[in-house]
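Below is one structure, written out as structure tokens; comments come after it.
Numbering (the UniProt record's numbering), first residue to last: 1 to 104.
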């Protein structure tokens, strides 16, 4: 995928998330998307994955919200919050996979 903003490209991991995570089960749903329980196939670690669509109406606004959330999570460091591990962009369907949040 090509980015208009070169800095945005650095926010996303290049791997295919569908090959990295298994056993997806929805554990919650909100206005920005669904959150899933999953297992990282590389190390069997349990993680939470947030899938956020950026297609449809107000695509640009949704995309900007995703960029803001990723930048915020990259900076977040606190013992009472999730541990941010990375983001993956999957273009078919248009879904952002925010993954690698360690469940504590």
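Ideal Cβ placement from N, Cα and C applies to all residues, glycine included.
Put residue i into one of helix, strand or coil per three-state DSSP.
i: residue 45; result: coil
i: residue 95; result: For residue 95, the pLDDT reaches just 44, beneath the cut-off of 50, and the residue's location in the model is therefore unreliable, although a value from the coordinates is still provided. DSSP places residue 95 in strand when its eight states are reduced to three.
i: residue 100; result: Note on residue 100: pLDDT 47, under 50, position unreliable in the model; no value is reported.
i: residue 23; result: strand
i: residue 16; result: coil
I need the straight-line Cα distance from residue i to residue j, nearest angstrom please.
i: residue 17; j: residue 42; result: 12 Å
i: residue 55; j: residue 40; result: 26 Å
i: residue 25; j: residue 85; result: 19 Å
i: residue 29; j: residue 66; result: 16 Å
i: residue 59; j: residue 12; result: 18 Å
i: residue 15; j: residue 88; result: 7 Å
Can you tell me which residues form a DSSP beta bridge with residue i?
i: residue 70; result: According to DSSP, residue 70 bridges with nothing at all.
Can you tell me which of the options puts its alpha carbon nearest to the alpha carbon of residue i?
i: residue 38; options: 48, 72, 32 and 10; result: 48
i: residue 45; options: 83, 88 and 89; result: 83
i: residue 9; options: 77, 81, 71 and 76; result: 71
i: residue 21; options: 51, 58 and 7; result: 51
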